[in-house]
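What follows is a single structure, written as structure tokens, with notes after it.
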Amino acid sequence: MVEHNLEETQEFAAIGKTLQSIKVGDTFRVTESIRERDVLLYMGVTADSNPAYLQQTSHKAGLTPGDVVVPPIALMGIITRTVSMNFPGPGSRLVEMNINIIHSIPHNSIITFEFEVIRVEELKQFVTIHCIGKYTNATDDDRVLDAMLTVLPPQEHLKNDTDTIDAGVFQRISGGDSIEY
Numbered sequence: 064m065v066e067h068n069l070e071e072t073q074e075f076a077a078i079g080k081t082l083q084s085i086k087v088g089d090t091f092r093v094t095e096s097i098r099e100r101d102v103l104l105y106m107g108v109t110a111d112s113n114p115a116y117l118q119q120t121s122h123k124a125g126l127t128p129g130d131v132v133v134p135p136i137a138l139m140g141i142i143t144r145t146v147s148m149n150f151p152g153p154g155s156r157l158v159e160m161n162i163n164i165i166h167s168i169p170h171n172s173i174i175t176f177e178f179e180v181i182r183v184e185e186l187k188q189f190v191t192i193h194c195i196g197k198y199t200n201a202t203d204d205d206r207v208l209d210a211m212l213t214v215l216p217p218q219e220h221l222k223n224d225t226d227t228i229d230a231g232v233f234q235r236i237s238g239g240d241s242i243e244y
């Protein structure tokens, strides 16, 4: 995923948007060009050698160049990276993902991923994000994927922990010992 165009930028911070700063309707958009090289990286991580994912081996399996598609794990990787690094950002944890790949996506496609917060659950400390993937410059009817994400945003109290924790204060305690204050 070498090329990406972040239409909405967020300052690089030690922590992303907290639950308190996220509102229903917040959006984020990222555009990705998915090349053969990117597919090879994902396949190396997963050890998946399906010929439908590689242009180099597709002809051996009797597939035409149009049959060679981006593996789902590569698409999920773009989504999880965006959650982790941009929206809500560092400190976020993706705990559930339901994804529907509506159309096969060929290599060298340029896909725009649109993320929107559709629910903020303050009691349980999570947000629900809807993600739509479309070919860039496509109409609303040209969706290629649709995903629902449950995300635990970073906690507010973690924001300044590195500034306030003094490692010299910690003591090692064996099972039966107690500390008196």
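Quick note: the sequence shown uses my numbering, first residue 64, plus one each step. Ideal Cβ positions, reconstructed from N, Cα and C, are used throughout, including at glycine. Values in this document were obtained by computation on a predicted structure and should not be read as measured data.
Quick one: residues in its chain with C-beta nearer than 7 angstroms to the C-beta of H166, no 5 flanking neighbours on either side, listed in chain order?
Here the question's residue 166 lines up with position 103 in the sequence shown. Correct list, in chain order: V207.
Within 8 angstroms, strictly: CB atoms of N254 and F91
This structure cannot settle anything about residue 254, because the visible part of the chain is limited to 64 through 244.
What is the DSSP secondary structure of T191, counted as helix, strand or coil?
As a first step, residue 191 is located in the sequence shown; it is residue number 128 there, counting from the start. Correct three-state label for T191: strand.
What does DSSP give as the partner residue(s) for G196 in the beta ladder?
Walking along the sequence shown from the start, residue 196 turns up at place 133. DSSP output for G196 lists F176 and L208 as bridge partner(s).
If you follow the alpha helix (DSSP H) that R100 is in, where does it begin and where does it stop?
Within the sequence shown, the letter at position 37 stands for residue 100. Start and end: E99 to T109.
Which residue's Cα is closest to the Cα of L186: Q83, Y198, I192 and M106?
Here residue 186 refers to the residue found at position 123 of the sequence shown. The shortest Cα separation from L186 among Q83, Y198, I192 and M106 belongs to Q83.
Cβ neighbours of F178 in the same chain (closer than 6 angstroms, five flanking residues each side left out):
Position 115 of the sequence shown, counted from the start, is the residue given in the question as residue 178. Only F91, F150, I192 and C194 meet the Cβ criterion.
Continuous beta strand (DSSP E) stretch holding I162: start and end
By 1-based counting over the sequence shown, the position of residue 162 is 99. It spans R156 to I164 - the beta strand (DSSP E) in which I162 sits, taken as one unbroken run.
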